[in-house]
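Colleague: So the sequence shown is numbered by our numbering: it starts at 6 and just counts up by one. Here it is, the structure in full.
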Amino acid sequence: MRSRHMNLVEITPDNHDITLNIAYATTDNFTGAPVYRRSACYLHKKAEKCLKKASRYAKKLGYRFKIYD
6 MRSRHMNLVE
16 ITPDNHDITL
26 NIAYATTDNF
36 TGAPVYRRSA
46 CYLHKKAEKC
56 LKKASRYAKK
66 LGYRFKIYD
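Spelled out as structure tokens, the structure:
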């Protein structure tokens, strides 16, 4: 049986030239407490491929993506 997580890829600032703001892994959210144990971002591998392409294009224009949870 295939795991439903097998098609997910972790998105990182170093590998994707983006900025992450995963507030719910910190106390800096409306609950005042961390909701996630780990500050991480995952995308389906097809979406990750598109993000990389879009990120390269944005960089050429002087922009950078910022991903929020």
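Positions of the beta carbon are idealized from the N, C-alpha and C atoms, including for glycine.
1) Which residues mark the beginning and the end of the beta strand (DSSP E) in which residue 20 is found?
2) Could you pull the start and end residues of the beta strand (DSSP E) that residue 25 belongs to?
3) Should residue 55 be labelled buried (16 or more other beta-carbon atoms within 10 Å of its own) or exposed?
4) Which residue comes first and which comes last in the beta strand (DSSP E) that contains residue 73?
5) Among the residues of its own chain, which have a CB less than 6 Å from the CB of residue 13, if the five just before and after it don't count?
6) Assess, as a yes-or-no matter, whether the region 16–23 is touched by the region 49–63 under the definition of 3 or more beta carbon pairs within less than 8 Å.
Modeller: Looking at the atomic coordinates:
1) Premise fails: residue 20 lies in the alpha helix (DSSP H), 18–21, not in any beta strand (DSSP E).
2) 24–26
3) exposed
4) 71–73
5) 47
6) yes
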